[in-house]
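Under the numbering used here, the first residue of the sequence shown is numbered 68, with each subsequent residue one higher.
Note sheet for the following structure.
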Amino acid sequence: CSCGENSKSCSYNVLGEKECNCSTAYAQNRGYCEECNCGPYGSCSFEYDRKRCKCKSFAFEKNGVCVVMESTTLEGSTSTRTTVLPTTGQCKV
Numbered sequence: 068c069s070c071g072e073n074s075k076s077c078s079y080n081v082l083g084e085k086e087c088n089c090s091t092a093y094a095q096n097r098g099y100c101e102e103c104n105c106g107p108y109g110s111c112s113f114e115y116d117r118k119r120c121k122c123k124s125f126a127f128e129k130n131g132v133c134v135v136m137e138s139t140t141l142e143g144s145t146s147t148r149t150t151v152l153p154t155t156g157q158c159k160v
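Quick look at the structure:
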């Protein structure tokens, strides 16, 4: 069982599917560990041969990397809070 040079280990699950334990900044894709890095604010995986970033709650994906939205205040400090409220309006017909 081999997942390539960037794997820590390789095993087969109960269904007989190869499972790779990949090194940092790598993820399993088509049975091998491929480079996959979303930055310090997210984790990376592959889905249908496409890179996917799962960003932390305060970050979002931009150009394949999880980044924190920052806005500068008058004091020169930064704020990382962004609030999105759901729509609560109702429409009667």
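The C-beta atom is built at its ideal place from N, Cα and C for all residues, glycine as well.
Fair warning: this is a prediction, and the values are worked out from it, not measured in the lab.
How many Å lie between residue i and residue j at the Cα?
i: C133; j: C111; result: 10 Å
i: E137; j: A126; result: 10 Å
i: S74; j: Y99; result: 8 Å
i: C87; j: K118; result: 16 Å
i: G156; j: D116; result: Note that G156 has pLDDT 43, beneath the 50 cutoff, so the model's placement of it is unreliable and the number below is only indicative. G156 and D116: Cα-Cα distance of roughly 40 Å.
i: C105; j: C122; result: 8 Å
i: C77; j: C89; result: 9 Å
i: E101; j: F113; result: 9 Å
i: K85; j: N96; result: 11 Å
i: G131; j: V81; result: 33 Å
Could you check which residue in the options has the C-alpha nearest to that of residue i?
i: A94; options: Y108, G71 and L82; result: G71
i: C103; options: A92, R97 and Y115; result: A92
i: Y108; options: K129, S69 and C77; result: K129
i: S59; options: V135, R97 and D116; result: As displayed, the chain neither begins before 68 nor continues past 160, which places residue 59 out of reach and without an answer.
i: G83; options: C68, S90 and C89; result: C68
Can you pull the DSSP bridge partners for residue i?
i: E114; result: R117
i: V132; result: K129
i: E84; result: Its beta-bridge partners do not exist; DSSP assigns none.
i: C105; result: None, per the DSSP bridge assignment.
i: C100; result: Q95
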